Amino acid sequence: MASFAKIGLNSKVIEVQSVVNEVLHDSNGVEQEVNGIDFLTKLTGWSIWVQTSYNTNAGVHSKGGTPLRKNHAGIGYTYDEERDAFIPKKPYNSWILNEETCQWEAPTPKPNEDTNEIRYEWNEANLSWQQKNYTYNEETEQWDLI
Numbered sequence: 048m049a050s051f052a053k054i055g056l057n058s059k060v061i062e063v064q065s066v067v068n069e070v071l072h073d074s075n076g077v078e079q080e081v082n083g084i085d086f087l088t089k090l091t092g093w094s095i096w097v098q099t100s101y102n103t104n105a106g107v108h109s110k111g112g113t114p115l116r117k118n119h120a121g122i123g124y125t126y127d128e129e130r131d132a133f134i135p136k137k138p139y140n141s142w143i144l145n146e147e148t149c150q151w152e153a154p155t156p157k158p159n160e161d162t163n164e165i166r167y168e169w170n171e172a173n174l175s176w177q178q179k180n181y182t183y184n185e186e187t188e189q190w191d192l193i
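Written as structure tokens, this is what we have:
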């Protein structure tokens, strides 16, 4: 299946649709993005679609193929035409866009100590990672914040 992002105002992704790969094939059997766009335009009446890939995240293709547009599009992402990339919504004002991955990063690295019992969450007010401690609740079979 091929995936396409429907692009709305301010280059925001407002929908993601899947299309069978055969729709993209030209007369020589080669996949062409424009064929998917034409198909979706005729089907929906919306003309601004950009192909995306479920297998691409942070500029890496999970199956060793060629990454497509840095990240798989999601609703609320922005399509940046200059970078030819899908960029997720900025999670915090202090975070900085990594130009290579088109992912947002905290101004300080996250500690590598996440476990089931200890997790770190970003604290925007302090501009730092805050440790959260959890314990396993056997009755609910869930991890609860202490």
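In terms of our numbering, the sequence shown is residues 48 to 193.
Every residue, glycine too, gets a C-beta built ideally from N, C-alpha and C.
Treat the numbers as computed from the prediction; the structure is a model and nothing was measured.
Next item on the list: With T73 as the anchor, note down where its alpha helix (DSSP H) starts and where it stops.
Entry: Translated into the one-based positions of the sequence shown, residue 73 becomes position 26. Strictly speaking, residue 73 in this sequence is Asp, with Thr absent from that position. Looking at the DSSP string, D73 is not in any alpha helix (DSSP H), and its letter there is neither H nor E.
Notebook entry, point to check: What residue ranges within the segment 106-150 form continuous beta strand (DSSP E) runs of no fewer than 3 residues, ordered along the chain?
Noted result: 125-127, 132-134 and 143-145
Note to self: If I measure Cβ to Cβ from N170 and keep anything under 8 Å in the same chain, skipping five residues before and after, which residues do I get?
What the structure shows: By one-based count along the sequence shown, residue 170 stands at place 123. Correct list, in chain order: W176 and Q177.
Checklist line | Opening and closing residue of the beta strand (DSSP E) in which T182 lies | finding: Translated into the one-based positions of the sequence shown, residue 182 becomes position 135. S175 to N184 is the extent of the beta strand (DSSP E) around T182.
Next item on the list: Closer than 7 Å by C-beta to E152: which residues in its own chain qualify, once you throw out the five before and the five after it? Chain order, please.
Entry: The residue labelled residue 152 in the question sits at position 105 within the sequence shown. These residues qualify, in order along the chain: W142, I143 and N145.
Next item on the list: Name the two residues that bound the continuous alpha helix (DSSP H) containing I61.
Entry: In the sequence shown, the residue the question calls residue 61 occupies position 14. Segment V60 to V66 is the beta strand (DSSP E) holding I61; no alpha helix (DSSP H) there.
Item checked: Helix, strand or coil at I84 [DSSP, three-state] -> Within the sequence shown, the letter at position 37 stands for residue 84. If DSSP states are grouped into helix, strand and coil, I84 belongs with the helices.
Notebook entry, point to check: Which value, in whole angstroms, describes the spacing of the CA atoms of E80 and Q98?
Noted result: The residue given as residue 80 occupies position 33 in the sequence shown. The residue given as residue 98 occupies position 51 in the sequence shown. Roughly 7 Å separates the two Cα atoms.
Checklist line | Coarse secondary structure for K53, derived from DSSP in three states | finding: By one-based count along the sequence shown, residue 53 stands at place 6. Note: K53 maps to strand in three-state DSSP.
Margin query: A52 and V60 - do their beta-carbons sit closer together than 8 Å?
Written below: Stepping through the sequence shown from its first residue, residue 60 is reached at position 13. Stepping through the sequence shown from its first residue, residue 52 is reached at position 5. Their beta carbons are under 8 Å apart, which means V60 touches A52 by this criterion.
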